[in-house]
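There are 2 protein chains.
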Amino acid sequence: MTTDVAVDTRTRLLATALRLFTEHGVEGTSLQMIADALGVTKAAVYYHFKTKDEITEAVAEPALRELSRLVDAASQLRRPGARIDHILEGIVDLVLRNRVLVGVLFTDPGIGRAVERSLHGEMNLIGRIHDLLCGPDADAATMVATHVALAGVAMAGGSPTLAELDDETLRTHLLATARRVLGRRHRP
Amino acid sequence: MTTDVAVDTRTRLLATALRLFTEHGVEGTSLQMIADALGVTKAAVYYHFKTKDEITEAVAEPALRELSRLVDAASQLRRPGARIDHILEGIVDLVLRNRVLVGVLFTDPGIGRAVERSLHGEMNLIGRIHDLLCGPDADAATMVATHVALAGVAMAGGSPTLAELDDETLRTHLLATARRVLGRRHRP
DNA sequence: GTCTATACAACGATAGAC
DNA sequence: GTCTATCGTTGTATAGAC
């Protein structure tokens, strides 16, 4: 049975890792630094996670699982328009609630590879979102617009330049911009 | 005086580095791999570049210098509209002519940090482009739209999913999308 | 089950010989 | 301009204490 201490150490480890990642980047954060910040040995870190990649994946995992659930929920909506609205609002919301993580995820190197495995790999989130937003047989214009909207929302949400904007302001403008890119009318 | 052999070795080194970066990522490419591919020693590589970061910067430098010149040229145009058009078309063109590099630059870790130094650092390209596109005292809506447009164009241009689209098709749709994001009419 | 101690090959980087 | 030799540190790995 997993003890409370173990759970706590694992949780603290992930929180510490995220903090160090935002400060020094994934490449710039060594297992030694994480271990020192926790007051344990490098090998103790290695006990909880077999590789450094496992740590970066675990840091990003909660947000990715949420995104996966969002896509599932959107898939079950009947009207294509409702699907697009649901996924667009969900992604903007997800980005806003993870601004720090998203910032690391897209500006900083390192975590990108680990995330890409989830995005293009087993979950194939990118593919599923793409299909949901522009259908299976979309023309080039729609595909490009979808890419610009998704990448733009994600990177703008994590941008240091826009960090000064409060959540509600950023949400409003991200949604409006994304809807304009995808050619959807402004919502009532 | 720099001999022809030295210039050639340096040039071959950068070409080899870019190729290995696209294949294995920046993190996944060691100086040993670059040296082996060139048929020299790791220390020989160090003669041409003092650090690994210097190599990644040198790989990205031509594109960044081009971007800098583009911003300079746009700055000297009188009409704000003409400035925006010039910089938008220039960026799309630049992204298209460097699809491979841009792909590495934004999906792969490692090179990002080196590039960010140029983008936010001495040249402050991001800041200058931002000012050119939305002026010094822009509202939140314009700032968000500008961010989405820039990030979206850059990432969509390097996206593996859109790699199948030919240059002309991608150029047309990237430009149209970016203009729509920024609220500019489609050009005649 | 949780951690420390220890070791190892590979890495980026440096010094000095040719 | 390129080499050999070497450094400190990294990620990874195992053995064994509690």
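Chains as they are written, first to last, in the numbering used here: chain Z, 1 to 188; chain C, 189 to 376. Just so it is clear, CB atoms sit at the ideal spot from N, CA and C, and this is done for glycine as well. Being a predicted model, the structure only gives us computed values, none of them experimental.
N-terminal and C-terminal residue of the alpha helix (DSSP H) that residue i is part of
{"i": "C/L320", "result": "313 to 322"}
{"i": "C/S256", "result": "240 to 263"}
{"i": "C/A344", "result": "328 to 346"}
{"i": "Z/R97", "result": "80 to 97"}
{"i": "C/I231", "result": "According to the sequence as given, residue 231 of chain C is Ala; it is not Ile. Looking at the DSSP string, the run of the alpha helix (DSSP H) that includes C/A231 is 230 to 236."}
{"i": "Z/L175", "result": "167 to 181"}
{"i": "C/A225", "result": "219 to 226"}
Supposed close pair residue i, residue j - CB separation, criterion 8 Å
{"i": "C/R339", "j": "Z/A156", "result": "In the sequence as presented, Arg is not what sits at residue 339 of chain C; that position holds Ala. Between Z/A156 and C/A339 the Cβ distance is about 6 Å, and since that is below 8 Å, they are a contact."}
{"i": "Z/G158", "j": "Z/V102", "result": "4 Å"}
{"i": "C/R372", "j": "C/L284", "result": "With 8 Å as the limit, C/R372 and C/L284 do not qualify as a contact, their Cβ atoms being about 19 Å apart."}
{"i": "Z/H173", "j": "C/V332", "result": "4 Å"}
{"i": "Z/H86", "j": "Z/L94", "result": "Not a contact, Cβ separation roughly 12 Å."}
{"i": "C/A337", "j": "C/A366", "result": "5 Å"}
{"i": "C/E215", "j": "Z/E27", "result": "7 Å"}
{"i": "C/F209", "j": "C/V233", "result": "Going by Cβ atoms, the distance from C/F209 to C/V233 rounds to 14 Å, so no, they are not a contact pair."}
{"i": "Z/I84", "j": "Z/L175", "result": "About 12 Å separates the two Cβ atoms, so there is no contact after all."}
{"i": "C/K238", "j": "C/L219", "result": "Contact doesn't hold; Cβ gap of about 12 Å is too wide."}
Closest by C-alpha distance to residue i, when choosing among the options
{"i": "C/T197", "options": "C/S218, C/R207, C/A223, C/H212", "result": "C/A223"}
{"i": "C/H236", "options": "C/L206, C/A261, C/E215, C/T199", "result": "C/T199"}
{"i": "Z/G127", "options": "C/L350, C/L363, C/L265", "result": "C/L350"}
{"i": "Z/A63", "options": "Z/P160, Z/L125, Z/V148", "result": "Z/L125"}
{"i": "Z/V92", "options": "Z/E66, Z/R117, Z/R78", "result": "Z/E66"}
{"i": "C/L226", "options": "C/L202, C/A364, C/A262, C/E211", "result": "C/L202"}
{"i": "Z/H186", "options": "Z/V144, Z/L88, Z/N98", "result": "Z/L88"}
{"i": "C/L206", "options": "C/D273, C/R287, C/T334", "result": "C/R287"}
{"i": "Z/M123", "options": "Z/R83, Z/H147, Z/E61", "result": "Z/E61"}
{"i": "C/E211", "options": "C/L293, C/R257, C/G323, C/L363", "result": "C/L293"}
{"i": "Z/L133", "options": "Z/E168, Z/L165, Z/P80, Z/D139", "result": "Z/P80"}
{"i": "C/A326", "options": "Z/T16, Z/G90, Z/L165", "result": "Z/L165"}
{"i": "Z/G135", "options": "Z/S75, Z/M33, Z/T16, Z/E54", "result": "Z/S75"}
Environment of residue i [buried if 16+ CB atoms lie within 10 Å]
{"i": "C/T229", "result": "exposed"}
{"i": "Z/G25", "result": "buried"}
{"i": "C/R368", "result": "buried"}
{"i": "C/A231", "result": "exposed"}
{"i": "Z/S118", "result": "buried"}
{"i": "C/T217", "result": "buried"}
{"i": "C/A261", "result": "exposed"}
{"i": "C/T334", "result": "buried"}
{"i": "Z/R69", "result": "exposed"}
{"i": "Z/T56", "result": "buried"}
Contact test: residue i Cβ vs the ligand MG heavy atom, cutoff 7 Å
{"i": "Z/D167", "result": "Looking at this structure, you won't find the ligand MG or any other ligand, since it has none at all."}
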